[in-house]
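1 is the number of the first residue of the sequence shown in the UniProt record's numbering; add one for each residue after it.
Data block below; observations after.
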Amino acid sequence: MTREETVREYTVPPLVKPADDEGLADVVFEKAARVPDDVVFGRQFAGAWQDITYAEFAAAVRAAAKGLLAAGIRPGDRVLVLGRTSYEWSVADFAVLSVGAVTVPVYPTSSAEQIRHLVADSRPSACFAETAEQAALIAEVAGDVHARCWLLGSLEELARSGLAITDEDAEARRAAVRADDLATIVYTSGTTGLPKGCLLTHRNVLAAAANVVELLHEVFRPTTGEPASTVLFLPLAHVYGRVTQFGCVWGGVRTGLVATPAELLGALPSFRPSFLVGVPYLLEKIRKVARTVVGEDGFAAVDAAAVALGHARRHGGGSDHDTPPEFAAAREKLRGLLGGRLEYVIAGGASLEPSTADFFAGLGVEVLGAYGLTEASSTVSMSAPGANRPHAVGRPVPGTTVAISDDGEILVRGDQVFPGYWPDRAGAPAPWLASGDVGLLDDDGYLHLTGRRKELIVTSGGKNVVPAPLEGRVRLHPLVSNCLLVGEARPFVTALITLDPPALAGWRETHDSSEGEPTADPRLLREIATAVDSANELVSRAESIRRFTVLPEDFSVAKGQLTASLRLRRHVIEEQFQDEISLMYSG
Numbered sequence: 001m002t003r004e005e006t007v008r009e010y011t012v013p014p015l016v017k018p019a020d021d022e023g024l025a026d027v028v029f030e031k032a033a034r035v036p037d038d039v040v041f042g043r044q045f046a047g048a049w050q051d052i053t054y055a056e057f058a059a060a061v062r063a064a065a066k067g068l069l070a071a072g073i074r075p076g077d078r079v080l081v082l083g084r085t086s087y088e089w090s091v092a093d094f095a096v097l098s099v100g101a102v103t104v105p106v107y108p109t110s111s112a113e114q115i116r117h118l119v120a121d122s123r124p125s126a127c128f129a130e131t132a133e134q135a136a137l138i139a140e141v142a143g144d145v146h147a148r149c150w151l152l153g154s155l156e157e158l159a160r161s162g163l164a165i166t167d168e169d170a171e172a173r174r175a176a177v178r179a180d181d182l183a184t185i186v187y188t189s190g191t192t193g194l195p196k197g198c199l200l201t202h203r204n205v206l207a208a209a210a211n212v213v214e215l216l217h218e219v220f221r222p223t224t225g226e227p228a229s230t231v232l233f234l235p236l237a238h239v240y241g242r243v244t245q246f247g248c249v250w251g252g253v254r255t256g257l258v259a260t261p262a263e264l265l266g267a268l269p270s271f272r273p274s275f276l277v278g279v280p281y282l283l284e285k286i287r288k289v290a291r292t293v294v295g296e297d298g299f300a301a302v303d304a305a306a307v308a309l310g311h312a313r314r315h316g317g318g319s320d321h322d323t324p325p326e327f328a329a330a331r332e333k334l335r336g337l338l339g340g341r342l343e344y345v346i347a348g349g350a351s352l353e354p355s356t357a358d359f360f361a362g363l364g365v366e367v368l369g370a371y372g373l374t375e376a377s378s379t380v381s382m383s384a385p386g387a388n389r390p391h392a393v394g395r396p397v398p399g400t401t402v403a404i405s406d407d408g409e410i411l412v413r414g415d416q417v418f419p420g421y422w423p424d425r426a427g428a429p430a431p432w433l434a435s436g437d438v439g440l441l442d443d444d445g446y447l448h449l450t451g452r453r454k455e456l457i458v459t460s461g462g463k464n465v466v467p468a469p470l471e472g473r474v475r476l477h478p479l480v481s482n483c484l485l486v487g488e489a490r491p492f493v494t495a496l497i498t499l500d501p502p503a504l505a506g507w508r509e510t511h512d513s514s515e516g517e518p519t520a521d522p523r524l525l526r527e528i529a530t531a532v533d534s535a536n537e538l539v540s541r542a543e544s545i546r547r548f549t550v551l552p553e554d555f556s557v558a559k560g561q562l563t564a565s566l567r568l569r570r571h572v573i574e575e576q577f578q579d580e581i582s583l584m585y586s587g
């Protein structure tokens, strides 16, 4: 079969087509010229929100860009940005893009080994870091960038170094940027376990961000009430958070920036967003926090009432008159927890448990499901108000064609689809981007996810985890025979570990351990924990193994747990040990 032979395909015409001479930074200066006093960002300062206008933001971006020019940054040079979500991160990013250089975002939670790989692979000419320790680590790996590594909290120093550069010089460099120029290299885990640099152009990101804004016009640009606002807590190192940022700048949304997801709930009451963009884990966490707001004794009834009302609303019915009177007071408390204005949550990254979507609908918050991947600039399909079908992840976003191959794989085509992987554009789609995911399109063009072909775990927090490197490191321990990671659509990663019988017998003899279940001896569990700790050194905290269970016997071909070539049959193992898996997530 060829990629042209598909069972079904569905196309949505574009609402926005980036111009050939358009770059991502252009929107900042266009807005600064047209609506200079409109607020683009909010940041927390001295316990309060400080609003930043487009004029102020454009001035900061230009000053940083002049500093980059003075430092000799050329078009196409790679510039690392390592830090948590912040206003300074955004300034650095837009400054890099405005001089035609390429932003290489790095997770602040990345391990030293991951940072070393990204530096060695991308070969940056300069970097931004949040802390001196991070800057030192980058310099240790790539000493030649040491003189051009700036702290995000000290952008004034970079600006002062560019005072000799004229505004005209900076403007000329920005004007030379083209839509098909490379904008960013976003590292995503490949099937081999080594992070791969996904190339995204200015056109890719502009097409993704602008078309979502226009599709969700009443979310980003409501015609009644207060202007749209959101709190951005997603890592800007992730393509999802980054494209959200570009969309908000393009759409004129007042965007509050918080460093981590842990700070989100504290920011909602004071910032009062009208919508949020996040992952299912966010919604699950808020639902749990609601228990403390309502009170343990009354939460069960409130939760049930919210779910019942929300379920009816999501399926075409439901009225406030159908709920108990005491629910109204509790609902106001919970809406206050969310800031009082929240109407929509865009949720992508993993599947959402249906009752959680019902719970929020019962509070008057519509959850809009979405689907995407890094290679498509985060955006493939999107639900919208009035076009939000339960159990689906929306229709293709404007400008996108989604097709289903005859073996069920989701295929994608559109301006947001990447040109290939760093450095030589390997893996460029021709003509379809093969997602590696399995799904179907219904008669109205809604996409439904039914599974994943690749062995990539996506947690409920939206973190992509490649299991092979972690499993391989655990298996290096003499006592371990096999290891299987679990975590798809769950809040964290766990592991099922089996022991090598001869090695176990030897260990028991030297440690005077009696026969019985492997989990009965805490000394053995501590020994296995060292293998898990060793594996976790390879990855960030979000990708690490949080809990593990030692199984009483090894996986086998006879029980269907291994293939004839001794590869793990993941779905079989997870089904056979579902009780053990549930126990790891119940504590």
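Even glycine gets a Cβ: it sits at the ideal position worked out from N, Cα and C.
Cα-Cα separation between residue i and residue j, rounded to whole angstroms
{"i": "S582", "j": "A330", "result": "31 Å"}
{"i": "residue 588", "j": "E343", "result": "This structure gives no information on residue 588, because the portion of the chain shown stretches from 1 to 587."}
{"i": "K463", "j": "I457", "result": "8 Å"}
{"i": "E4", "j": "L441", "result": "Confidence in E4 is poor, its pLDDT being 48 and thus under 50, which makes the residue's placement too unreliable to answer from."}
{"i": "R116", "j": "V141", "result": "6 Å"}
{"i": "P13", "j": "G295", "result": "49 Å"}
{"i": "S460", "j": "Y187", "result": "20 Å"}
{"i": "A70", "j": "A63", "result": "11 Å"}
{"i": "G560", "j": "L206", "result": "47 Å"}
{"i": "F555", "j": "N482", "result": "7 Å"}
{"i": "G348", "j": "E509", "result": "51 Å"}
{"i": "L484", "j": "H217", "result": "44 Å"}
{"i": "R425", "j": "V119", "result": "18 Å"}
{"i": "L373", "j": "P75", "result": "27 Å"}
{"i": "G316", "j": "A183", "result": "43 Å"}
{"i": "G225", "j": "V177", "result": "37 Å"}
{"i": "G190", "j": "P324", "result": "For G190, the predicted structure reports a pLDDT of 45, less than 50, and the residue's modelled location is therefore unreliable. A value from the coordinates is still provided. Cα-Cα distance, rounded: 51 Å."}
{"i": "Q114", "j": "G310", "result": "43 Å"}
{"i": "residue 593", "j": "A495", "result": "In the structure displayed, the chain extends from 1 to 587; residue 593 sits before or after that span and is not available."}
{"i": "P467", "j": "D579", "result": "21 Å"}
Outcome for residue i when other beta-carbon atoms lying within 10 angstroms are tallied against a minimum of 16
{"i": "L499", "result": "buried"}
{"i": "A129", "result": "buried"}
{"i": "G386", "result": "exposed"}
{"i": "A175", "result": "exposed"}
{"i": "E543", "result": "buried"}
{"i": "S514", "result": "exposed"}
{"i": "P227", "result": "exposed"}
{"i": "P552", "result": "exposed"}
{"i": "T192", "result": "For T192, the predicted model reports a pLDDT of 42, less than 50, meaning its position is unreliable; a value from the coordinates is still stated below. With fewer than 16 Cβ atoms within 10 Å of its Cβ, T192 is classed as exposed."}
{"i": "A157", "result": "According to the sequence displayed, residue 157 carries Glu and not Ala. By the 10 Å Cβ count, E157 comes out exposed."}
{"i": "P273", "result": "buried"}
{"i": "G298", "result": "exposed"}
{"i": "R526", "result": "exposed"}
{"i": "V28", "result": "buried"}
{"i": "H571", "result": "exposed"}
{"i": "R160", "result": "exposed"}
{"i": "T356", "result": "buried"}
Continuous beta strand (DSSP E) stretch holding residue i: start and end
{"i": "S154", "result": "Note, S154: premise wrong, no beta strand (DSSP E); not H, not E."}
{"i": "I346", "result": "Y344 to A347"}
{"i": "T498", "result": "V493 to L499"}
{"i": "P467", "result": "Here P467 belongs to no beta strand (DSSP E); instead the alpha helix (DSSP H) covers P467 to R475."}
{"i": "A170", "result": "Taken as a continuous stretch (DSSP letters only), A170 belongs to no beta strand (DSSP E), being part of the alpha helix (DSSP H) at D167 to A175."}
Residue range of the alpha helix (DSSP H) that includes residue i
{"i": "W89", "result": "Y87 to S98"}
{"i": "Q44", "result": "Q44 -> not in any alpha helix (DSSP H); beta strand (DSSP E) instead, spanning V39 to F45."}
{"i": "V27", "result": "D26 to R34"}
{"i": "E113", "result": "A112 to S122"}
{"i": "K559", "result": "From DSSP, K559 is part of no alpha helix (DSSP H); its letter is neither H nor E."}
{"i": "N388", "result": "Premise fails: N388 is in no alpha helix (DSSP H) and is neither H nor E."}
{"i": "A418", "result": "For the sequence presented, residue 418 should be read as Phe rather than Ala. Run containing F418: none; DSSP gives neither H nor E here."}
{"i": "R269", "result": "Checking the sequence, you will find Pro at residue 269 rather than Arg. Element bounds for P269: L264 to F271."}
{"i": "E580", "result": "Q578 to S586"}
{"i": "T292", "result": "P280 to V294"}
{"i": "A142", "result": "Unbroken run through A142: none, as it is neither H nor E."}
For the structure I just gave you, are there three or more beta carbon pairs, one from the segment 100–108 and one from the segment 70–82, closer than 8 Å? yes
Should the segment 262–273 be called in touch with the segment 39–57, which here means at least 3 C-beta pairs below 8 Å? yes
Going along the chain, which unbroken runs of the beta strand (DSSP E) with 3 or more residues stay wholly within the segment 510–552? Listed in chain order, the complete beta strand (DSSP E) runs (minimum 3 residues) inside the segment 510–552 are 545–550.
The segment 46–60 touching the segment 163–179, judged by at least three CB pairs closer than 8 Å: no
Would you say the segment 421–434 touches the segment 196–203, given that touching needs at least three Cβ pairs under 8 Å? yes
Can you confirm whether the segment 354–370 touches the segment 471–482 when touching is taken to mean that 3 or more C-beta pairs between the two stretches lie within less than 8 Å? no
Segment contact flag, the segment 219–233 with the segment 273–288, C-beta cutoff 8 Å, min 3 pairs: yes
Which ranges does the alpha helix (DSSP H) cover as unbroken runs of at least 4 residues, wholly within the segment 181–260, from first to last along the chain? 202–215, 217–220 and 239–251
If contact is defined by three or more beta carbon pairs under 8 Å, each pair taking one atom from either stretch, is the segment 383–397 in contact with the segment 433–450? The segment 433–450 vs the segment 383–397: in contact.
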